[in-house]
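Trainee: Have a look at this one.
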Amino acid sequence: MKRPIAELRATLFAALAVGCGTTAKDDTPPTVVVEPEPVVPLPAPAPVTTSKKPAPPTSKLVGYQNVDGAVNRLGPATCSAEIPQPQCRGDESHQRCSKDSDCTEHPHGRCASGVGQIGTYCGCLYSCTKDAECGEGEVCVCGDAITTPHGGSVCAKAACSRAADCGDQPCGVSSYHNGCGRQVKLQCRQSDDACKSAAECGEREQCVAAEGNFACRGRTCVVGRPLRVEGELRAAPPTSRADWGRPVAWDTSLTDDERRRGRAHYLMVAALEHGSVGSFARFTLQLLALGAPAHLLAETQRAALDEVHHAQLMYGVASALGADVGPGPVRATAPPPTEPTAVLEALIEEGCVGESLGAVEAAAAASHALPPLGQALREVADDETRHAALAWNSLDWMLRVWPGLKPHAEATFARALAAVPPAPTTEPVPRLGILPEAELSAIRQQAVEHVVRPLARHVVG
Ligand SMILES: [Fe+2]
Ligand SMILES: [Fe+2]
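What follows is the structure in structure tokens.
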């Protein structure tokens, strides 16, 4: 993988040199004077390991019930504020805090030590004991009721908070690890839910609160530019249709098992590519709100078109491995945040880090895959390299307009790189471009060390 990584690094440095540096004066909006937002404390990084045990039986829970693995909330309860994570030692490579008293953004702060894919870090974690300590539309979910990101009690988004909110159905508690992080939320169960607990789902799937219903979901988070709405990943559900996929000619020697695994993998990839169309649409609105130069807007439109093409390619691959399939409707209606700090954070996490790693991973997958798929993945890798260049150029422009944001950019890179997720646990099928977990993780680490860190030093200074 050394060559694709070296190529990506050279391409992105070249794009920075010609993309923004030579047009600095023209790019600066003449009338927009926006003071940088104050640097807000960073949210706690998700710990990689947790000492959490399975939810105890109903008899030990107060305010909750656990019916064969389906956790429901009956009403408010007093939760423990304890966070079962090790204290920060002080020798971690990324330091966001050094002691508990540094963690003051919410009640019950703890400065905890963790290990991300890229190294060790210290970060603030917060728990809660009652609903009143949480924000609007949130409740305090007790750490002994369900698995939470840090193992302790957490504030969670809640469409219901007690049994009486849901008529004759329970108020369900969902804990979903999408491959990048864990999210807890509450939602009324419905009589037509696809599942009540993971026992009713497939291997490696979880039963989680989706849009309106509880549904089975696997790990959907792969590195790239996902569509996030109010912090949540949005991806279209697969639906039977023949108007999205592009025909792919296949080697008929694939086994039934390879076809099944390949289809599941490319259905997930296709939904994320499809979501990227919306992600670039949101980025367009953010660039407009910030008064961005024309070349960044033009590149963003081109990138959105690329993502339509990627989704067609990937739905085509999934269709060729089974029946015709395409995306169902996906809702992305919440207005995107347009404050410079929020735009910068998403740009770094999803664009500079996500798209750079996505470009290298697609190139690696292309080098192993069968010819028709390998060709499609090569095309995706080339496009993703341009998308990464767009992200770095956009960041470069933002930091020239708002130089006061540099410390925040630096902190966001530290957090994003500490939290680069391990590769998804999928059974490898190299000739379908599905690589072993260890190989993908090694590629991510090399790309971080040889591409993302040097570029971040160059752009942030
Ligand atoms: Fe893409
Ligand atoms: Fe992309």
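The numbering of the sequence shown is this note's numbering, which starts it at -17 and goes up by one. Glycine residues also receive a C-beta, built at the ideal position from the N, C-alpha and C atoms.
Threshold first: 3 residues or longer. Then list the beta strand (DSSP E) segments lying entirely within the region 133 to 185, N to C.
Mentor: As far as the region 133 to 185 is concerned, its whole beta strand (DSSP E) runs of at least 3 residues are 136 to 140, 153 to 159 and 164 to 170.
Trainee: Beta carbon of residue 347, beta carbon of residue 360: below 7 Å?
Mentor: Indexing the sequence shown from 1 puts residue 347 at position 365. Indexing the sequence shown from 1 puts residue 360 at position 378. Not closer than 7 Å, so no.
Trainee: How many whole angstroms separate the CB atoms of residue 374 and residue 441, which I take to be in contact at a CB cut-off of 8 Å?
Mentor: Locating residue 374 in the sequence shown gives position 392, where the first residue counts as 1. Locating residue 441 in the sequence shown gives position 459, where the first residue counts as 1. Contact flag correct, Cβ pair sits at about 6 Å.
Trainee: For residue 167 versus residue 197, is the C-beta spacing smaller than 7 Å?
Mentor: If you number the sequence shown from 1, residue 167 lands on position 185. If you number the sequence shown from 1, residue 197 lands on position 215. Cβ atoms of residue 167 and residue 197: not closer than 7 Å.
Trainee: Hey, would you say the C-beta of residue 258 is under 6 Å away from at least one heavy atom of ligand 1?
Mentor: Reading the sequence shown from its first residue, position 276 is the one you call residue 258. Yes, the Cβ of residue 258 comes within 6 Å of a heavy atom of ligand 1.
Trainee: Alpha helix (DSSP H) containing residue 400: first to last residue?
Mentor: Residue mapping note: residue 400 aligns to position 418 of the sequence shown, counting from 1. Counting along the chain, the alpha helix (DSSP H) containing residue 400 begins and ends at 388 to 400.
Trainee: Is residue 182 near ligand 1 - that is, is its Cβ less than 6 Å away from at least one heavy atom of it?
Mentor: On the sequence shown, residue 182 is found 200 positions in, with the first residue counted as 1. Flag unset: Cβ of residue 182 not near ligand 1.
Trainee: Please determine whether the Cβ atom of residue 255 lies at a distance below 6 Å from any heavy atom of ligand 1.
Mentor: Here residue 255 refers to the residue found at position 273 when the sequence shown is read from its first residue. Yes, the beta carbon of residue 255 sits closer than 6 Å to at least one heavy atom of ligand 1.
Trainee: Checking 7 Å against the spacing of the C-beta atoms, do residue 79 and residue 122 come in under that value?
Mentor: The residue given as residue 79 occupies position 97 in the sequence shown. The residue given as residue 122 occupies position 140 in the sequence shown. No, they are not a contact pair.
Trainee: If you reduce the DSSP assignment to three classes, tell me which class residue 190 lands in.
Mentor: Reading the sequence shown from its first residue, position 208 is the one you call residue 190. Reduced to three states, the DSSP call for residue 190 is strand.
Trainee: For residue 249, which residues from the same chain have a beta carbon less than 7 Å from its beta carbon, with the 5 sequence-adjacent residues on both sides left out?
Mentor: Position 267 of the sequence shown, counted from the start, is the residue given in the question as residue 249. For residue 249, where only same-chain residues beyond five positions count, the Cβ hits under 7 Å are 220, 300 and 307.
Trainee: Run the CB neighbour count on residue 139, radius 10 Å, all protein chains shown included, and call it buried at 16 or more, exposed below.
Mentor: Locating residue 139 in the sequence shown gives position 157, where the first residue counts as 1. By the 10 Å Cβ count, residue 139 comes out buried.
Trainee: Using the C-alpha atoms, what's the distance from residue 91 back to residue 120?
Mentor: Along the sequence shown, read from residue 1 onward, the residue named residue 120 stands at position 138. Along the sequence shown, read from residue 1 onward, the residue named residue 91 stands at position 109. Straight-line Cα distance between these residues: approximately 18 Å.
Trainee: Between residue 266 and the rest of its own chain, which residues show a CB-CB distance below 6 Å, the 5 nearest in sequence each way excluded?
Mentor: Against the sequence shown, residue 266 aligns to sequence position 284. Once the five neighbours on either side are set aside, the close Cβ partners of residue 266 are 282.
Trainee: In chain order, what residues of the same chain have a beta carbon less than 6 Å from the beta carbon of residue 175, not counting five sequence neighbours either side?
Mentor: Position 193 of the sequence shown, counted from the first residue, corresponds to residue 175. Hits under 6 Å: 195 and 196.
Trainee: Residue 69: buried (16+ other C-beta within 10 angstroms of its C-beta) or exposed?
Mentor: Your numbering for residue 69 matches position 87 in the sequence shown. Result: exposed.
Trainee: Less than 8 Å between the CB atoms is what I'm expecting for residue 45 and residue 56, so what's the real figure, rounded?
Mentor: Within the sequence shown, residue 45 is the residue found at index 63, counting from 1. Within the sequence shown, residue 56 is the residue found at index 74, counting from 1. Right, the Cβ-Cβ distance comes to about 6 Å (below 8 Å), so this counts as a contact.
Trainee: Can we say the region 419 to 437 touches the region 316 to 323, given the rule of at least three CB pairs closer than 8 Å?
Mentor: Short answer: they don't touch.
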